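Protein chains in written order, with the working numbering: chain A, 12 to 126; chain B, 41 to 151. All C-beta atoms in this analysis are idealised placements derived from N, C-alpha and C, irrespective of residue type, glycine included. All figures in this text were calculated on a predicted structure; none of them were measured in a lab. The block underneath contains the structure these notes are about, expressed in structure tokens.
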Amino acid sequence: DSGVTQTPKHLITATGQRVTLRCSPRSGDLSVYWYQQSLDQGLQFLIQYYNGEERAKGNILERFSAQQFPDLHSELNLSSLELGDSALYFCASSTYHSQVGNTIYFGEGSWLTVV
Amino acid sequence: TQLLEQSPQFLSIQEGENLTVYCNSSSVFSSLQWYRQEPGEGPVLLVTVVTGGEVKKLKRLTFQFGDARKDSSLHITAAQPGDTGLYLCAGAPRTGNQFYFGTGTSLTVIP
Numbered sequence: 012d013s014g015v016t017q018t019p020k021h022l023i024t025a026t027g028q029r030v031t032l033r034c035s036p037r038s039g040d041l042s043v044y045w046y047q048q049s050l051d052q053g054l055q056f057l058i059q060y061y062n063g064e065e066r067a068k069g070n071i072l073e074r075f076s077a078q079q080f081p082d083l084h085s086e087l088n089l090s091s092l093e094l095g096d097s098a099l100y101f102c103a104s105s106t107y108h109s110q111v112g113n114t115i116y117f118g119e120g121s122w123l124t125v126v
Numbered sequence: 041t042q043l044l045e046q047s048p049q050f051l052s053i054q055e056g057e058n059l060t061v062y063c064n065s066s067s068v069f070s071s072l073q074w075y076r077q078e079p080g081e082g083p084v085l086l087v088t089v090v091t092g093g094e095v096k097k098l099k100r101l102t103f104q105f106g107d108a109r110k111d112s113s114l115h116i117t118a119a120q121p122g123d124t125g126l127y128l129c130a131g132a133p134r135t136g137n138q139f140y141f142g143t144g145t146s147l148t149v150i151p
């Protein structure tokens, strides 16, 4: 158990709809990351938040948005869904260890299927 | 542009064989992590290497960080079917807390 919690684990929705994925980072972690992983692709970085503020942006579509709340949990909002948005969406949080620096830990992912 | 390139992309071997997976970059990283991911699950951290030239062993897995901290390798001795999965390397640059993931190596160990 990485300590990163994601809900829901599975989600099936229709094209054009909107969904929200939720993530609770490891206790004490200030950074939250969102990644997308499709069947034939590696991890695609979407966006990173640090203590409530957007820190870095990757290949995130304009139809997608995210935020991190004061209690540090984060939500990824996906709207106007298309078939191609079907993927595993991972949340991760990072911890700084004095001996090894920053280390990233992943949740178990949210399976999104758009039909 | 992919910051971290892994090779090979796919590897299928017989149980008991040895293998090495490489993770290469032209950039210097303050640390590098290796993860294993099984289908439908999140990547699980295997190891973090920090010092150039560092070698870490985890049972049958040996991880090495290049002297210049630009590359790393993962060697598996006497592979088992349970080693099957996607192996990912991830580098953390010196500044900031971004992570850059490699392209991944999909390993299949045939019983």
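Could you pull out every residue in the same chain whose Cβ sits closer than 6 Å to the Cβ of Arg-109 (chain B), ignoring the five residues on either side in sequence? The sequence position of residue 109 (chain B) within the second sequence is 69, counting from 1. Once the five neighbours on either side are set aside, the close Cβ partners of Arg-109 (chain B) are Val-68, Phe-69, Gly-92.
According to DSSP, which residues form a beta bridge with Val-126 (chain A)? Within the first sequence, numbered from 1, the residue matching residue 126 (chain A) stands at position 115. DSSP, once it has assigned bridges, lists no residue as partnering Val-126 (chain A).
With DSSP as the reference, label Val-80 (chain B) as helix, strand or coil. Taking the second sequence and counting its residues from 1, one reaches residue 80 (chain B) at position 40. The sequence shown places Gly at residue 80 (chain B), rather than the Val named in the question. Three-state result, Gly-80 (chain B): coil.
Among the candidates B:Gly-56, B:Ile-53, B:Ser-66, whose CA atom is the shortest distance from the CA of Glu-45 (chain B)? Start at 1 with the first residue of the second sequence, and residue 45 (chain B) comes out as number 5. It is B:Ser-66.
Which residue wins for smallest C-alpha separation from Gln-110 (chain A), given the options B:Val-90, B:Thr-148, B:Leu-126? Numbered from 1 along the first sequence, position 99 holds the residue referred to as residue 110 (chain A). The shortest Cα separation from Gln-110 (chain A) among B:Val-90, B:Thr-148, B:Leu-126 belongs to B:Val-90.
Taking 6 Å as the limit between beta carbons, can you name the residues of its chain near Glu-94 (chain B), skipping five residues before and five after? By one-based count along the second sequence, residue 94 (chain B) stands at place 54. Excluding residues within five positions, the ones whose Cβ falls inside 6 Å are Phe-105.
Please decide whether Phe-69 (chain B) counts as near chain A, where near means a Cβ-Cβ distance under 7 Å. Numbered from its first residue, the second sequence carries residue 69 (chain B) at position 29. No - not a single Cβ of chain A is within 7 Å of the one on Phe-69 (chain B).
In three-state terms, what does DSSP make of Asp-82 (chain A)? As a first step, residue 82 (chain A) is located in the first sequence; it is residue number 71 there, counting from the start. If DSSP states are grouped into helix, strand and coil, Asp-82 (chain A) belongs with coil.
Which residues in the same chain have their Cβ closer than 7 Å to the Cβ of Thr-124 (chain B), if we skip the five residues on either side of it in sequence? On the second sequence, position 84 is the one that residue 124 (chain B) refers to. Contacts found: Leu-147, Thr-148, Val-149.
Any idea what DSSP makes of Leu-43 (chain B), helix, strand or coil? In the second sequence, the residue the question calls residue 43 (chain B) occupies position 3. If DSSP states are grouped into helix, strand and coil, Leu-43 (chain B) belongs with coil.
Thr-106 (chain A) beta carbon less than 7 Å from that of Asp-40 (chain A): Locating residue 40 (chain A) in the first sequence gives position 29, counting from the first residue. Locating residue 106 (chain A) in the first sequence gives position 95, counting from the first residue. The answer is yes: Cβ separation under 7 Å.
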